[in-house]
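What follows is a short report on a single structure.
Written out as structure tokens, the structure is:
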């Protein structure tokens, strides 16, 4: 059994944040049914620079473990199919601009009226209320270079999953569904824990700090003879071990670097001193010495290196799948391991409408009705 | 989650944040610290004498108790507390909890319904399991640093500790899944996640790019690896961000700039072509955007429905009208520091919303209350304090 066995999720989502949210639920065993427009499917099926045999890599990356049902929501019959599906569902997730789902008859008020047990999750750029509620999606960030990965999308997907599961827990105890509303902007802000803290406490505007930490030093990328490695010596004990590992015990007596607070204040001088020594030898040398002293450290891997690293593979972070159109494809594994009811990546992203017949049958539509829907392009 | 009791045996960021996410939803989170306090209490800056701002930031809504697990009586009290708990979260290096006598096997045999979550640098198994791991190390090893920053510049990590926070989110997700499974099976289980795996799991586009194109993902500054234009552009008075990569928005943005001629050029014909020719596209766009101020472009993008925004500093973000309307900057009371600010929870719920009830507890703040709940008498509690067990 998987942890979310028996949980049915209607996935009316597109692009990244919300599909990532429902994919996490699917990985843990929820029956996630993706609603797509007949024919073309959701826009991500046509997005991006990477594809295999005509199948979008980005779509495949975010929609594994799901089923696909097509329904034309511009027609009342299409909406009626989705509403019948919602009657059987536990969760509805959508990431259209506030107002769009309501116009289609798939808003929170409308769906909770037909299924009061429903947990309805809305993921948007700025949230369902407030002055920017109707704005289009966009990332905001305090950093001069954007994070290399789309942090606010991904975090928002995870915050959504967290809200949904908490709401299911409440529903199972009380019989009451509810609206869960989160946004990319809020997710990004919720991640600025240290930065907000720095601003509120010191009044200073947090600056970009490269690879360094706001509150600890040395904790950053350090130069070796052949490139950089990372080291995190963020307390006195580790700092001492670090100085031992690079054979610079003299730094322990340097009045500029006695405490972590002083090391943070004098970071530039500290790193200059350290690099005088570290540029003399290779990364491999330093990583070995630091590891033997128990100082957290590591290489700066490229993705080819990370994705073939023995630890990545041992933790099952790379999964092989066979997609009906694209053939053999790889997918990322599940980063949280459950001992009793583990998640699994069982199947690739669905073809557009791959499960329409199966789901219509589950909902009790007759074969004649299937035929009629198909003939008129409703599904 | 106010029927759920959580033992929070964590330090620094990932574990405390994971537990705080449950505390925000009303769970009774009891932070158990050694009598000297966890290390984060000594991190600067201070918000009041002896009160660490960093500690406050990730421990709100919790109760606090001290316990010396190196003394047998401390372990006895801890086991009694475990008997009343639904969830335990720890973020020691693998092996440390077991050495302290509070490993998963021991606790599960005394409370089979317990959901036990470990958050570590690299997870409980695999060749790097015993290594120490911080966000920086995980960002470096998961590949995230290899794609952050500008081409040719020094290494840059994501400005926020994304693997710490990602592990916290995957941890709370795993815990909530395990609680749901418990409703059916009646059993708790072991939930195991790590900073490294969170970093890898968040690399969806980057892994995809590598697997499908065979190319090593590079640093792109503010660009997107699957979309263009989708990045920061220069205006006459600074930068602003635009996401106009799809076939509906790109023509609209090109028209706004008076660059309709680009729509007919094969170099920019579709998203794939625009991604491949990003530098040329960027030059064309900035030749126009750099002639007018940010506000000019932002107003027009807004009117045309093109996603765009300013690049805020942290103070600007926290005082923005929308952030305030969405409750992203809250205040709570701290017994020593007075009113202190804390970030809001980004998830809004109509029936059981997250709440901000109290600031992080001073060290041992709830010792008496919790020990009393566990059935210890006043005399006994005084003795435990005298002997340094609490």
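Residue numbers (our numbering), protein chains in the order written: chain B, 11 to 389; chain X, 56 to 445. From the three backbone atoms N, C-alpha and C, an ideal C-beta is built for every residue, glycine too.
- Between residue 129 of chain B and residue 163 of chain B a beta carbon distance of about 21 Å is seen, past the 8 Å cut, so the two are scored as non-contacting.
- A check of alpha carbon separations from residue 298 of chain B across B/279, B/284, B/224, B/255 identifies B/255 as the nearest.
- Boundaries of the beta strand (DSSP E) harbouring residue 188 of chain B: 188 to 193, taken from the DSSP string.
- In chain B, no part has a C-beta under 8 Å from the C-beta of residue 389 of chain X; the shortest such distance is about 13 Å.
- At a cut-off of 7 Å between beta carbons, residue 68 of chain B contacts chain X.
- At the C-beta level, residue 32 of chain B and residue 100 of chain X stay beyond 7 Å of one another.
- Chain X has a Cβ within less than 7 Å of the Cβ of residue 347 of chain B.
- Residues of the same chain with a CB within less than 7 Å of the CB of residue 283 of chain B, apart from the 5 flanking positions on each side, are 261 in chain order.
- From the listed residues X/74, X/379, X/321, X/425, the smallest Cα separation to residue 223 of chain X is found for X/74.
- In summary, residue 70 of chain X is buried, with 16 or more beta-carbon neighbours lying within 10 Å of its beta-carbon over all protein chains present.
- By the neighbour-count criterion, in which a residue is buried when 16 or more other Cβ atoms sit within 10 angstroms of its Cβ, residue 63 of chain B is exposed.
- Residue 309 of chain B sits in a strand when the DSSP states are folded into three classes.
- Of the candidates X/404, X/269, X/378, the residue whose Cα lies closest to the Cα of residue 172 of chain B is X/404.
- When Cβ-Cβ separations below 7 Å define contact, residue 173 of chain X makes no contact with chain B.
- Against chain B, the beta carbon of residue 256 of chain X has neighbours under 8 Å at 327, 342, 343, 344, 345, listed in chain order.
- Contact holds between the stretch 201 to 219 of chain B and the stretch 390 to 404 of chain X, because three or more Cβ pairs, one in each stretch, are under 8 Å apart.
- Here residue 321 of chain B is buried, its C-beta having at least 16 other C-beta atoms within 10 Å.
- With its beta carbon at least 7 Å from every one in chain X, residue 22 of chain B lies outside the interface.
- Each of X/106, X/128, X/107 was checked against the Cα of residue 441 of chain X, and the nearest Cα belongs to X/128.
- Sequence-distant Cβ neighbours of residue 386 of chain X in its own chain, meaning closer than 6 Å and more than five residues away, are 394, 396.
- In this structure, DSSP gives residue 302 of chain X a state outside helix and strand, which the three-state scheme calls coil.
- Annotation for residue 113 of chain B: the continuous alpha helix (DSSP H) segment containing it runs 110 to 113.
- Bounds of the beta strand (DSSP E) holding residue 21 of chain B are 18 to 22.
- In this structure, residue 336 of chain B keeps its C-beta atom at 7 Å or more from the C-beta atom of residue 267 of chain X.
- DSSP places residue 174 of chain X in the uninterrupted beta strand (DSSP E) bounded by 170 to 175.
- By the Cβ criterion, the stretch 187 to 196 of chain X is in contact with the stretch 233 to 249 of chain B, since at least three pairs of Cβ atoms, one from each stretch, lie closer than 8 Å.
- Nearest neighbour of residue 76 of chain X by Cα position, chosen from X/144, X/122, X/93, X/102, turns out to be X/144.
- The residue among B/372, B/380, B/346 with its C-alpha nearest the C-alpha of residue 43 of chain B is B/372.
- Taking C-beta atoms under 8 Å as the contact rule, residue 103 of chain B and residue 17 of chain B fail to qualify, at a distance of about 12 Å.
- DSSP, reduced to helix, strand and coil, places residue 314 of chain B within a helical segment of the structure shown.
- Put simply, of B/51, B/314, B/182, B/286 the residue whose alpha carbon is nearest the alpha carbon of residue 366 of chain B is B/51.
- Collapsing the DSSP output to three states places residue 158 of chain X in coil.
- Taking each of B/88, B/126, B/132 in turn and checking the Cα distance to residue 109 of chain B, the smallest one comes out for B/132.
- Between residue 190 of chain B and residue 248 of chain B, the gap from beta carbon to beta carbon reaches 7 Å or more.
- Within chain X, the C-beta atoms nearer than 7 Å to that of residue 196 of chain B come from 381, 383, 401, in chain order.
- Listed by position along chain B, the residues whose Cβ is nearer than 8 Å to that of residue 396 of chain X are 206, 210.
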